[in-house]
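Visitor:
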Amino acid sequence: MAIRVLFFGRLHEVVGAREREIEPPDWVDTPAALIDWLAAGDARIGAALSAPSVRVAVDQAIVERDSPLAGAREVAFMPPFSGG
Amino acid sequence: MAIRVLFFGRLHEVVGAREREIEPPDWVDTPAALIDWLAAGDARIGAALSAPSVRVAVDQAIVERDSPLAGAREVAFMPPFSGG
Amino acid sequence: MDAEKVSIRISWTPFDPEAEAAHFRRRCARAGAIATFLGQVRGENGAVASLALEHYPGLTEAEIGRIAEQACARWPLEAVAIAHRVGVMAPGEPIVFVAAAAAHRRPAFEAVDFLMDYLKSEAPFWKKETGADGSARWIEPRAEDSRDKARWAPDASSQGAQRAWRK
Amino acid sequence: MDAEKVSIRISWTPFDPEAEAAHFRRRCARAGAIATFLGQVRGENGAVASLALEHYPGLTEAEIGRIAEQACARWPLEAVAIAHRVGVMAPGEPIVFVAAAAAHRRPAFEAVDFLMDYLKSEAPFWKKETGADGSARWIEPRAEDSRDKARWAPDASSQGAQRAWRK
Numbered sequence: 001m002a003i004r005v006l007f008f009g010r011l012h013e014v015v016g017a018r019e020r021e022i023e024p025p026d027w028v029d030t031p032a033a034l035i036d037w038l039a040a041g042d043a044r045i046g047a048a049l050s051a052p053s054v055r056v057a058v059d060q061a062i063v064e065r066d067s068p069l070a071g072a073r074e075v076a077f078m079p080p081f082s083g084g
Numbered sequence: 001m002a003i004r005v006l007f008f009g010r011l012h013e014v015v016g017a018r019e020r021e022i023e024p025p026d027w028v029d030t031p032a033a034l035i036d037w038l039a040a041g042d043a044r045i046g047a048a049l050s051a052p053s054v055r056v057a058v059d060q061a062i063v064e065r066d067s068p069l070a071g072a073r074e075v076a077f078m079p080p081f082s083g084g
Numbered sequence: 001m002d003a004e005k006v007s008i009r010i011s012w013t014p015f016d017p018e019a020e021a022a023h024f025r026r027r028c029a030r031a032g033a034i035a036t037f038l039g040q041v042r043g044e045n046g047a048v049a050s051l052a053l054e055h056y057p058g059l060t061e062a063e064i065g066r067i068a069e070q071a072c073a074r075w076p077l078e079a080v081a082i083a084h085r086v087g088v089m090a091p092g093e094p095i096v097f098v099a100a101a102a103a104h105r106r107p108a109f110e111a112v113d114f115l116m117d118y119l120k121s122e123a124p125f126w127k128k129e130t131g132a133d134g135s136a137r138w139i140e141p142r143a144e145d146s147r148d149k150a151r152w153a154p155d156a157s158s159q160g161a162q163r164a165w166r167k
Numbered sequence: 001m002d003a004e005k006v007s008i009r010i011s012w013t014p015f016d017p018e019a020e021a022a023h024f025r026r027r028c029a030r031a032g033a034i035a036t037f038l039g040q041v042r043g044e045n046g047a048v049a050s051l052a053l054e055h056y057p058g059l060t061e062a063e064i065g066r067i068a069e070q071a072c073a074r075w076p077l078e079a080v081a082i083a084h085r086v087g088v089m090a091p092g093e094p095i096v097f098v099a100a101a102a103a104h105r106r107p108a109f110e111a112v113d114f115l116m117d118y119l120k121s122e123a124p125f126w127k128k129e130t131g132a133d134g135s136a137r138w139i140e141p142r143a144e145d146s147r148d149k150a151r152w153a154p155d156a157s158s159q160g161a162q163r164a165w166r167k
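Top line first, the protein sequences correspond to chains A, B, C and D.
Numbering of the first sequence is given in the UniProt record's numbering, commencing with residue 1 and proceeding in unit increments.
Numbering of the second sequence is given in the UniProt record's numbering, commencing with residue 1 and proceeding in unit increments.
Numbering of the third sequence is given in the UniProt record's numbering, commencing with residue 1 and proceeding in unit increments.
Numbering of the fourth sequence is given in the UniProt record's numbering, commencing with residue 1 and proceeding in unit increments.
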């Protein structure tokens with residue numbers, strides 16, 4: 001099933017897009033695996049998305065990188081917040 | 001010389017006036033002596049003005065009770081402040 | 001006193017806190033942070049009919065000025081405003097408005113907090129509350145007010161006092 | 001979430017802080033204490049041309065709601081309002097307005113202070129600053145922001161965290 005992946009803040013500049021519609025293979029079953037798949041062929045993207053300061057949200061809930069991705073419609077990669 | 005004496009907050013109710021024009025005798029040379037003189041014949045006024053929580057201002061400057069009163073035009077007796 | 005930085009207003013008539021805030025903001029459009037405090041008369045669910053505030057004209061303004069000066073010496077503030085109502089007020093009416101502007105938020109917060117603690121106990125105001133039943137009582141500072149003020153003493157161990165702000 | 005107590009607004013267009021304050025005050029006319037904070041874009045003496053703020057629609061509102069809920073659980077608040085700007089802003093424009101109302105001043109102050117610390121680092125917003133020279137940089141939280149937030153941890157020794165407020 002298609003997943004919408006969102007890249008916020010400086011990550012959208014690294015990735016070159018604010019969002020992507022993707023259809024990853026079955027082995028992409030966690031955010032960590034999704035990072036590996038998205039970063040294939042671009043070490044810079046891999047490094048940026050893997051940074052410990054980057055938070056991941058699945059369907060608008062902040063989760064760990066090893067959480068299940070099954071059924072997810074939207075995954076977001078979020079660099080450190082700077083509101084206020 | 002005449003001195004204007006001001007009684008603020010609950011003190012004006014104890015004294016029965018918000019202000020008094022007085023001409024005290026020469027021995028009234030400090031706020032403490034002024035209290036003795038004002039309280040003559042009314043122990044309640046003496047006790048109210050002598051309370052440690054009461055602050056004294058001479059010519060709009062907060063002073064100790066044993067400060068000189070020479071030349072003062074205005075003396076104020078102020079119970080605990082409650083602003084804000 | 002730094003007259004350009006500090007504005008002090010004692011008002012016998014109701015003041016509009018948002019008008020005060022708007023005026024203050026125009027004075028410090030370049031500040032990154034503005035903290036404010038507004039005190040309103042508490043009706044205590046109908047138990048309070050009115051609040052009368054008296055002050056000592058002249059000395060009150062001078063003492064508030066000294067308090068504001070202390071705040072300006074302690075934190076890197078761009079501006080400070082204090083508006084204080086006197087006279088008879090109904091529940092819900094504004095009593096005091098304090099605003100502080102700084103480049104960053106912590107000095108602005110701490111200055112407003114400090115100013116309120118000092119206005120409570122170091123500025124010559126006296127409050128008398130009249131109950132719905134007609135009874136009247138003079139309000140004196142609570143033990144809490146002294147504790148709050150003690151946080152700002154040079155040797156206090158509170159976070160507010162520990163931080164050293166440089167101009 | 002206590003929807004009656006908490007108001008959250010994300011705005012793509014400039015908001016008027018005094019209009020927010022007036023609206024908030026009407027919601028809590030019986031509160032004795034209202035503390036507010038306003039953050040404005042700092043021009044840094046002409047060095048900054050603009051600030052762009054992006055957010056994650058949906059998640060941002062939800063996370064701000066969680067932060068406001070934490071404040072309501074921690075202090076006896078009558079109301080909380082948070083307005084946050086997104087989009088491109090010029091120096092001097094309001095970014096964030098936070099207000100908290102309570103019976104007494106300390107919970108109102110502490111809640112606004114807490115809300116700001118958490119909005120800085122726990123709400124999904126991202127800031128990019130464009131300089132007068134055309135250079136752009138993403139703003140990340142400062143070490144100071146983490147220290148500020150740490151004050152609210154259950155075991156922090158700061159005065160803000162030590163006080164226990166009962167409803």
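Backbone N, C-alpha and C fix where the C-beta goes; we use that ideal spot for every residue, glycine too.
1) Less than 8 Å between the beta carbons of glutamate 54/D and phenylalanine 81/A, yes or no?
2) Quick check: the Cα distance between proline 25/B and histidine 12/B, rounded to an integer number of angstroms?
3) Cα separation between arginine 44/A and phenylalanine 37/C?
4) Can you give the beta carbon distance from leucine 34/A to leucine 69/A, rounded, assuming they're within the 8 Å contact cut?
5) Quick one: grab the DSSP three-state call for histidine 84/D.
6) Using a Cβ-Cβ cut-off of 8 Å, state whether glycine 16/B counts as contacting chain C.
7) Against chain A, which members of the region 85–104 of chain D pass a CB distance test of less than 8 Å?
8) At 8 Å on the CB atoms, spell out the chain D contacts of proline 79/A, in chain order.
9) Can you look up glutamine 159/D in the DSSP assignment and give me helix, strand or coil?
10) Answer with yes or no whether the minimum CB distance from phenylalanine 7/A to chain D is below 8 Å.
11) Please return the same chain residues whose Cβ sits closer than 8 Å to the Cβ of arginine 147/D, not counting the five positions on each side in sequence.
12) Assuming glycine 83/B and leucine 119/C make a contact with CB atoms under 8 Å, what is their CB distance in whole Å?
13) Nearest-angstrom Cα distance between valine 58/B and alanine 108/C?
14) Quick one: is glutamate 122/D near chain A, going by C-beta distance under 8 Å?
15) With distances taken Cα to Cα, identify the nearest neighbour of residue 147/A among Ala39/A, Val28/A, Val75/A.
16) Contact defined as beta carbons within less than 8 Å: I believe serine 50/C pairs with valine 88/C. What is the distance between those atoms, to the nearest angstrom?
17) If we count Cβ pairs, one from each stretch, closer than 8 Å, do we get three or more for the region 70–85 of chain D versus the region 6–24 of chain C?
18) Using the beta-carbon of each residue, which ones in chain C are nearer than 9 Å to alanine 57/B?
19) Step through the CB atoms of chain A and report whether any lies within less than 8 Å of the CB of glycine 39/D.
20) What is the C-beta distance between phenylalanine 77/A and valine 63/A, in whole angstroms, given that I count them as a contact (C-beta under 8 Å)?
21) Can you find a CB in chain A that lies within less than 8 Å of the CB of leucine 119/D?
22) Output the distance between the C-alpha atoms of arginine 151/C and methionine 116/C, rounded to the nearest integer angstrom.
23) Less than 8 Å between the beta carbons of glycine 134/C and valine 48/C, yes or no?
24) How close, in whole Å, do the beta carbons of alanine 71/C and phenylalanine 15/C come, if the pair is a contact with beta carbons under 8 Å?
25) So, at 6 Å on beta carbons, what are the nonlocal neighbours of glutamate 93/D in its own chain, with the 5 sequence-adjacent residues on each side left out?
26) For leucine 69/B, which three-state DSSP category applies?
27) Looking only at its chain, what residues have a beta carbon closer than 6 Å to the beta carbon of proline 79/B, apart from the 5 residues adjacent to it on each side?
Guide: Let's see:
1) No, these two residues do not count as a Cβ contact at 8 Å.
2) Note on geometry: alpha-carbon atoms of proline 25/B and histidine 12/B lie some 23 Å from one another.
3) Phenylalanine 37/C has its alpha-carbon roughly 48 Å from the corresponding atom of arginine 44/A.
4) Between leucine 69/A and leucine 34/A the Cβ distance is about 6 Å, and since that is below 8 Å, they are a contact.
5) Note: histidine 84/D maps to strand in three-state DSSP.
6) Nearest CB-CB separation between glycine 16/B and chain C: not below the 8 Å threshold.
7) Taking 8 Å as the Cβ-Cβ cut-off, the region 85–104 of chain D approaches chain A at Ile95, Val96, given in chain order.
8) Going along chain D in sequence order, the residues near proline 79/A (Cβ under 8 Å) are Trp126, Trp138, Glu140.
9) The predicted position of glutamine 159/D is uncertain, since its pLDDT is 47 and thus under 50; a value taken from the coordinates is nonetheless stated next. Glutamine 159/D falls in the helix class under three-state DSSP.
10) With 8 Å as the cut-off, phenylalanine 7/A does not count as an interface residue toward chain D.
11) Cβ within range, chain order: n/a, list empty.
12) At roughly 5 Å, the Cβ-Cβ gap stays under 8 Å, so glycine 83/B and leucine 119/C are in contact.
13) The alpha-carbon separation between valine 58/B and alanine 108/C amounts to approximately 35 Å.
14) It does: the Cβ of glutamate 122/D has a partner Cβ on chain A nearer than 8 Å.
15) The question about residue 147/A has no answer here: the residues shown for chain A are numbered 1 through 84.
16) Sure, about 5 Å apart at Cβ, within 8 Å.
17) Touching, no.
18) Those are Tyr56, Leu59, Pro124, listed as they occur along chain C.
19) Yes, glycine 39/D lies at the interface with chain A (some Cβ there is under 8 Å from its Cβ).
20) Contact doesn't hold; Cβ gap of about 12 Å is too wide.
21) At least one chain A Cβ lies under 8 Å of leucine 119/D.
22) Per the coordinates, the alpha-carbon of arginine 151/C lies some 12 Å from the alpha-carbon of methionine 116/C.
23) No. Outside cutoff.
24) The Cβ separation is near 21 Å, so there is no contact.
25) Cβ within range, chain order: Pro14, Val41.
26) Residue state for leucine 69/B is assigned as coil, using DSSP reduced to three classes.
27) Around proline 79/B, the same chain offers Gly9, Arg10, Leu11, Val54 as residues with beta carbons nearer than 6 Å, after the five sequence neighbours per side are excluded.
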